[in-house]
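There are 2 protein chains.
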Amino acid sequence: MASTSTSSSAENIARRAKTAFQEAQKRLPGGKEADAARARALEKIRAALEEAKDEIKQANEKDMEAANVLVQQGKLSTSLVSRLDLFSKPGKWASMLQGVSEVAALPTPLDVCTYAKRLADSDASRGALDLYRVTCPIGVLLCIFEARPEVIINIASLAIKSGNAAILKGGKESKMTAAVMSRVVAQALAQTELPADVIQTVETREDVADLLHQDRYIDLVIPRGSNELVRSIQREARMPVMGHADGLCLIYVHEDADTTAAVGSIVDAKIDYTAACNAVETLLLNEKLVEGKGKDAQLWPKLAEALLRKKVTLHCDQKSKAALEAAGLDRELASSIVDVKEEDYDTEFLDLDLAVKVVPGIDEAIDHINAHGSNHTDAIFTTSSSASDRFTRSLSSANVFVNCSTRFADGFRYGFGTEVGISTGRIHARGPVGLEGLVTYKYLAKAGKEGGVQAAGAFNGDGAREWSHRELEKGYPIF
Amino acid sequence: MASTSTSSSAENIARRAKTAFQEAQKRLPGGKEADAARARALEKIRAALEEAKDEIKQANEKDMEAANVLVQQGKLSTSLVSRLDLFSKPGKWASMLQGVSEVAALPTPLDVCTYAKRLADSDASRGALDLYRVTCPIGVLLCIFEARPEVIINIASLAIKSGNAAILKGGKESKMTAAVMSRVVAQALAQTELPADVIQTVETREDVADLLHQDRYIDLVIPRGSNELVRSIQREARMPVMGHADGLCLIYVHEDADTTAAVGSIVDAKIDYTAACNAVETLLLNEKLVEGKGKDAQLWPKLAEALLRKKVTLHCDQKSKAALEAAGLDRELASSIVDVKEEDYDTEFLDLDLAVKVVPGIDEAIDHINAHGSNHTDAIFTTSSSASDRFTRSLSSANVFVNCSTRFADGFRYGFGTEVGISTGRIHARGPVGLEGLVTYKYLAKAGKEGGVQAAGAFNGDGAREWSHRELEKGYPIF
Chain G
1 MASTSTSSSA ENIARRAKTA FQEAQKRLPG GKEADAARAR ALEKIRAALE EAKDEIKQAN
61 EKDMEAANVL VQQGKLSTSL VSRLDLFSKP GKWASMLQGV SEVAALPTPL DVCTYAKRLA
121 DSDASRGALD LYRVTCPIGV LLCIFEARPE VIINIASLAI KSGNAAILKG GKESKMTAAV
181 MSRVVAQALA QTELPADVIQ TVETREDVAD LLHQDRYIDL VIPRGSNELV RSIQREARMP
241 VMGHADGLCL IYVHEDADTT AAVGSIVDAK IDYTAACNAV ETLLLNEKLV EGKGKDAQLW
301 PKLAEALLRK KVTLHCDQKS KAALEAAGLD RELASSIVDV KEEDYDTEFL DLDLAVKVVP
361 GIDEAIDHIN AHGSNHTDAI FTTSSSASDR FTRSLSSANV FVNCSTRFAD GFRYGFGTEV
421 GISTGRIHAR GPVGLEGLVT YKYLAKAGKE GGVQAAGAFN GDGAREWSHR ELEKGYPIF
Chain R
1 MASTSTSSSA ENIARRAKTA FQEAQKRLPG GKEADAARAR ALEKIRAALE EAKDEIKQAN
61 EKDMEAANVL VQQGKLSTSL VSRLDLFSKP GKWASMLQGV SEVAALPTPL DVCTYAKRLA
121 DSDASRGALD LYRVTCPIGV LLCIFEARPE VIINIASLAI KSGNAAILKG GKESKMTAAV
181 MSRVVAQALA QTELPADVIQ TVETREDVAD LLHQDRYIDL VIPRGSNELV RSIQREARMP
241 VMGHADGLCL IYVHEDADTT AAVGSIVDAK IDYTAACNAV ETLLLNEKLV EGKGKDAQLW
301 PKLAEALLRK KVTLHCDQKS KAALEAAGLD RELASSIVDV KEEDYDTEFL DLDLAVKVVP
361 GIDEAIDHIN AHGSNHTDAI FTTSSSASDR FTRSLSSANV FVNCSTRFAD GFRYGFGTEV
421 GISTGRIHAR GPVGLEGLVT YKYLAKAGKE GGVQAAGAFN GDGAREWSHR ELEKGYPIF
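Taken in sequence, the protein lines are chains G and R.
Quick note on numbering: the UniProt record's numbering labels position 336 of the first sequence as 336, and the sequence is numbered without any gaps.
Quick note on numbering: the UniProt record's numbering labels position 412 of the second sequence as 412, and the sequence is numbered without any gaps.
Below is the structure:
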């Protein structure tokens, strides 16, 4: 009984989302006017959140109290409590609100014409036939994420800006905060040109399991969170999933690498933010470097020392370890060098740990990355353009870097203004995904105003019309 | 036991495909040189097929003999036998070979730069940091299709041109032909710069079932065939599927439609090729048209008569039928007007049948299309730009047309040179999919030759570097 009722509740939520999406498509005129209407809706949401600050704060405190009890019981980490906390850290609340306005101000990803062709010219009796490809929303998004409550507002803003409807599910630890914020968003939306159901939130894990089967109504799932969460969603979802489970990023240092560039960037890639998906986890060293035959015989000892000084544990294979022993590192530093285990090369440490392996050359580095990487971000350090070209062309990772830190794989750093997440999938949007990843396109064909029969059959047989397939200026077609 | 061995055989095929893909990525230099190498491989395949013509013809005759036995037993349709036949229809074999060269000559979809930004300018001590987004192959494609044996060569050509590896599975009826052609392709590939395993074929249905679970190696499934085939693949596949199960296309005729345009195009949309996925199946009529209050009171009777003369059975609702009775159609013609059943609006007839429904206005037409359509191709007939704009903006179908036949939804007609298939999915490629749909992209970031540390941490805190995010000229980056 419970299962039936949950399932129909999931179907109901999903259907309402699709209806709201379709209703919004009908209500809004499109183009700049529609974007302005969406911006007005976002500002309404921001204002409503500001007004409800006290109530949200109280709810957030209740979530924190409950979380602190679990921390005392050893069931939750203190870092999770700090992610839950929306008010103690200076600027966090204000920056969440500011984010709403910033998304509103971004260029609209909609109604962009990316292909325009005159399929057939007009003739004495018939008008021309033109084809346009223009961007449009995807439809209904199901966004699943963990503790941080501000993500609800962030994702709601992105969904509204891109013309989609969204069903949001946050972590259970933030449920009081999420409940109040969701109500505030819904009430604000009810005063706008958009249907209130374009944003809905769900609270329980059971809802999500059922929603993942509503492929009739939900078009795309976007999970953000632990590997485990993402992997279970990828397994269960009957619709496409955009995101990444693993972030096993690798760096290969070629024999001719520049030491300054390599040391500065690789230390950054490891320690800038160890818990990030774009932090480096495995270092591949060209054999010549450990044999003292590289461009700089000291590159590896210098790099190792810099990493060790930053408290990184180096999980070394025999050759890389032997080279450090020969270099005579400070004994205390050297105590953080351990023997690598085969499984370390498949481990996303998300901590101050780095697996190290010596490879004969660039081809073996590419093979290792293909076998152990996660198609997220991989970098080469080299001063040779033939090596960097071979590396960047051979790998299919979403981000392939030359002489810089893997940490640059990020939507803000890429200049997208905002980031929906990072995708390691092979189709649709990949790498850091900005608003562009939340839109798709449709083809619009129109017969010219000169009138005349526009039948495909007219292009066959005797006296057939001819295809012209001439480029047209790209712009939203006015019919 | 059988299942285990099949499963490991599927895994083996999939793994070999991925290895071949990765090997090809390493072997070919990229850019024009790589495209030329792929073109050479395609011409080798063409020549090998020409040389093996007699052998292929013998195998094709055996397939036809076996199929004819099944036709006599009533287990197979004669139309399938004609699709199997590669040699009797004049030009079919030659056009298959010509297709290989045509694909080879298309502009390469690879190495196209679609985004280029200077993330940070150089300063006294550090080089610039640049970002490029360039197109690249998706990886391993699993292509599943039915009887026509020439599709094997067509899809193999597209996969090679786009730098992907492909696993092909044709219909069991064409298995002798497919086996010979596959061997010829493999032997030809063995004499090229490409690994022979970039194209593999599998023969049994069991292989496919297991391949659909090899998401570790296979990146995209492309099914072409019956609704049933596609739907079962969508259900089973653990990787993304690009294609369409249904092609329930609709046409809405607005009150102000031009009669000549509407009659010519709608007859074409129904009869040009009734078995096509882009043929119209449901006609929605604005109420004013059946009340004699439209721009042309005779539009509906004229349209109905034109359809009936082409032997179309009209499945009419009460209002549309009453209007025809009032118009006094020829009695024999009128005998092909039948009462519509509710399920007709959800039926892809693929035959000389058309469901007809009267709707109060454009909004109800949009609602009906959202509820019953398949997001394939939907058209409006109107002389008002506000109506066409409302229609094209509100619908999310892959193809939305104004005053022309739904039959134009086709890759060749769109000017793509070739067509991989038509997708009704919401993400990645949709509508008619050309070579562009077989590629994805990766981000390449490179630090300028001036050297200097490229650490993300350098952009934080005091004395931080600044982001510039300036547009660069789009071109494949030379590192």
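All residues carry an ideal CB built from backbone N, CA and C; glycine is no exception.
Checklist entry - Per DSSP, R/P137 forms a beta bridge with which residues? => result Locating residue 137 of chain R in the second sequence gives position 137, where the first residue counts as 1. Answer is R/V439, bridged to R/P137.
Checklist entry - Residues in its own chain within less than 6 Å of G/C113 by CB, not counting five upstream and five downstream? => result Mapped onto the first sequence, residue 113 of chain G falls at position 113. Around G/C113: Y132, V134, K474, G475 and Y476.
Checklist entry - Among the residues of its own chain, which have a CB less than 6 Å from the CB of R/G163, if the five just before and after it don't count? => result As a first step, residue 163 of chain R must be located in the second sequence, where it is residue number 163. Cβ within range, chain order: L110 and P137.
Next on the checklist: Taking DSSP's pairing of strands, which residues face G/G421 in a bridge?
Outcome noted: Counting from one through the first sequence, the residue named residue 421 of chain G turns up at place 421. BP columns for G/G421 point to G/V433.
Checklist entry - Mind pulling the chain R residues with CB within less than 8 Å of G/I478? => result Along the first sequence, one-based indexing puts residue 478 of chain G at 478. Ordered by position in chain R, the residues that pass the 8 Å Cβ test against G/I478 are S385 and D389.
Checklist entry - By Cβ distance below 6 Å, which residues in the same chain neighbour G/G448 in space, the five residues on each side in sequence not counted? => result As a first step, residue 448 of chain G must be located in the first sequence, where it is residue number 448. S122, G127 and A128, listed in sequence order.
Checklist entry - When you compare each of G/S101, G/P90 and G/D462 to G/L42 by their alpha carbons, which one comes out closest? => result Taking the first residue of the first sequence as 1, we reach residue 42 of chain G at position 42. Checking every option, the nearest Cα to that of G/L42 belongs to G/S101.
Checklist entry - Who are the near neighbours of R/V241 in its chain, counting only those whose CB is closer than 7 Å to its CB and skipping five residues on each side? => result Along the second sequence, read from residue 1 onward, the residue named residue 241 of chain R stands at position 241. Within the same chain, R/V241 has close Cβ partners V221, P223, I233 and Q234.
Next on the checklist: Could you check whether G/E348 and G/G294 sit closer than 9 Å to each other, using their CB atoms as the reference points?
Outcome noted: The residue labelled residue 294 of chain G in the question sits at position 294 within the first sequence. The residue labelled residue 348 of chain G in the question sits at position 348 within the first sequence. No, these two residues do not count as a Cβ contact at 9 Å.
Item to check | R/E471 - partner residues in DSSP beta bridges | outcome: As a working note, residue 471 of chain R is residue 471 in the second sequence. For R/E471, which the question treats as bridged, DSSP gives the partners R/K117.
Item to check | Endpoints, alpha helix (DSSP H) assigned at G/F391 | outcome: Here residue 391 of chain G is taken as the residue at index 391 of the first sequence, counted from 1. Unbroken alpha helix (DSSP H) run through G/F391: S385 to S394.
Item to check | Pairwise C-alpha distance: R/L142 and R/T4 | outcome: Here residue 4 of chain R is taken as the residue at index 4 of the second sequence, counted from 1. Here residue 142 of chain R is taken as the residue at index 142 of the second sequence, counted from 1. Because the pLDDT of R/T4 is 40, which lies under 50, any placement of that residue in the model is unreliable, and the number read from its coordinates should be weighed accordingly. Near 21 Å, if we compare the C-alpha coordinates of R/L142 and R/T4.
Checklist entry - Between which two residues does the alpha helix (DSSP H) carrying R/P301 extend? => result For this step, residue 301 of chain R is matched to residue 301 along the second sequence. Segment L299 to R309, the alpha helix (DSSP H) holding R/P301.
Checklist entry - Are the C-beta of R/L307 and some C-beta of chain G separated by less than 9 Å? => result Mapped onto the second sequence, residue 307 of chain R falls at position 307. With 9 Å as the cut-off, R/L307 does not count as an interface residue toward chain G.
Item to check | Spatial distance of G/Y345 from R/L70 (CA atoms) | outcome: Taking the first residue of the first sequence as 1, we reach residue 345 of chain G at position 345. Taking the first residue of the second sequence as 1, we reach residue 70 of chain R at position 70. In a straight line, the C-alpha of G/Y345 is about 55 Å away from that of R/L70.
Checklist entry - Since R/G431 meets chain G, which of its residues come closer than 9 Å, beta carbon to beta carbon? => result Indexing the second sequence from 1 puts residue 431 of chain R at position 431. The contacting residues are R133, Y441, K442 and Y443.
Item to check | From R/H315, R/G434, R/R331 and R/F459, residue whose alpha carbon lies closest to that of R/I337 | outcome: Here residue 337 of chain R is taken as the residue at index 337 of the second sequence, counted from 1. Out of R/H315, R/G434, R/R331 and R/F459, R/H315 has the C-alpha closest to the C-alpha of R/I337.
Item to check | Interface flag, G/I222 vs chain B, CB-CB below 9 Å | outcome: In the displayed structure, chain B is absent; the protein chains listed are G and R.
Item to check | is_contact[G/D367, chain R] using C-beta, thresh 9 Å | outcome: Locating residue 367 of chain G in the first sequence gives position 367, where the first residue counts as 1. Closer than 9 Å to some Cβ of chain R, the Cβ of G/D367 qualifies, so yes.
Next on the checklist: Quick check on this structure: which residue in R/S374, R/L289 and R/A36 has the alpha carbon closest to the alpha carbon of R/K161?
Outcome noted: As a working mapping, residue 161 of chain R is identified with position 161 in the second sequence. The shortest C-alpha separation from R/K161 is found at R/A36.
Item to check | Collapsed DSSP secondary structure at residue 480 of chain G in the structure displayed | outcome: In the structure as shown, chain G begins at 1 and stops at 479. Residue 480 of chain G is therefore absent and cannot be evaluated.
Checklist entry - Is it right to say G/E150 is buried, meaning 16 or more other beta carbons lie within 10 angstroms of its own, or is it exposed? => result Residue numbering aside, residue 150 of chain G sits at position 150 when the first sequence is read from its first letter. Classification for G/E150: buried.
Checklist entry - Can you check whether the CB of R/A237 is closer than 9 Å to the CB of R/T201? => result For the purposes of this step, residue 201 of chain R is identified with residue 201 of the second sequence, where counting begins at 1. For the purposes of this step, residue 237 of chain R is identified with residue 237 of the second sequence, where counting begins at 1. Result no, Cβ atoms of R/T201 and R/A237 do not sit closer than 9 Å.
Item to check | Contact set for G/A2: own chain, Cβ-Cβ below 6 Å, skip 5 residues either direction | outcome: In the first sequence, residue 2 of chain G corresponds to position 2, counting from 1. Residue confidence is low: G/A2 scores 35 on pLDDT, short of 50, so the model does not pin down where it sits. No coordinate-derived value is stated.
Checklist entry - If we count the other Cβ atoms within 10 Å of its Cβ and call it buried at 16 or more, is R/A326 buried or exposed? => result The residue you call residue 326 of chain R lines up with position 326 of the second sequence. That one is exposed.
Next on the checklist: Whether or not the stretch 382-395 of chain G and the stretch 405-418 of chain G are in contact is what I'm after, with contact meaning three or more pairs of Cβ atoms, one per stretch, closer than 8 Å; do they touch?
Outcome noted: no
Item to check | First and last residue of the uninterrupted beta strand (DSSP E) at G/H315 | outcome: Walking along the first sequence from the start, residue 315 of chain G turns up at place 315. T313 to C316 is the extent of the beta strand (DSSP E) around G/H315.
Item to check | Whether R/A261 touches G/V453 by CB criterion (9 Å) | outcome: The sequence position of residue 261 of chain R within the second sequence is 261, counting from 1. The sequence position of residue 453 of chain G within the first sequence is 453, counting from 1. A contact, by the Cβ cut-off of 9 Å.
Checklist entry - Under a Cβ-count criterion, where at least 16 other Cβ atoms within 10 Å of its own Cβ denotes burial, should R/D130 be classed as buried or exposed? => result For the purposes of this step, residue 130 of chain R is taken as residue 130 along the second sequence, with counting starting at 1. The residue in question, R/D130, is buried, as its Cβ has 16 or more Cβ neighbours within 10 Å.
Item to check | Cβ shell of G/G30 (< 7 Å), same chain only, five flanking positions each side left out | outcome: Residue mapping note: residue 30 of chain G aligns to position 30 of the first sequence, counting from 1. Correct list, in chain order: D111.
Checklist entry - For R/A94, which option in R/A47, R/A59 and R/G247 has the closest C-alpha, if you only look at C-alpha atoms? => result Sequence index remark: in the second sequence, residue 94 of chain R carries index 94 (1-based). It is R/A47 whose Cα lies nearest to the Cα of R/A94.
Checklist entry - Could you give the uninterrupted runs of the beta strand (DSSP E) lying entirely in the stretch 176-245 of chain G, keeping only those of 3 residues or more? => result 199-201 and 220-223
Item to check | G/E281, enclosing beta strand (DSSP E) - first and last residue | outcome: The residue labelled residue 281 of chain G in the question sits at position 281 within the first sequence. G/E281 -> beta strand (DSSP E) spans V280 to N286.
Next on the checklist: Just to confirm my understanding: we take G/D351, look at its own chain, exclude 5 residues before and 5 after, and list those with CB closer than 6 Å. What are they?
Outcome noted: Position 351 of the first sequence, counted from the start, is the residue given in the question as residue 351 of chain G. So the list reads T274, once near-sequence residues are dropped.
Item to check | Which of helix, strand or coil DSSP assigns to G/M1 | outcome: To locate residue 1 of chain G, count along the first sequence from 1; it is residue 1. Reliability of the predicted coordinates at G/M1 is poor, the pLDDT of 32 falling under 50, and the value obtained from them is presented with this limitation in mind. In this structure, G/M1 counts as coil in the three-state DSSP scheme.
Item to check | Every unbroken alpha helix (DSSP H) within the stretch 352-378 of chain R, with a cutoff of 4 residues, ordered by chain | outcome: 362-372
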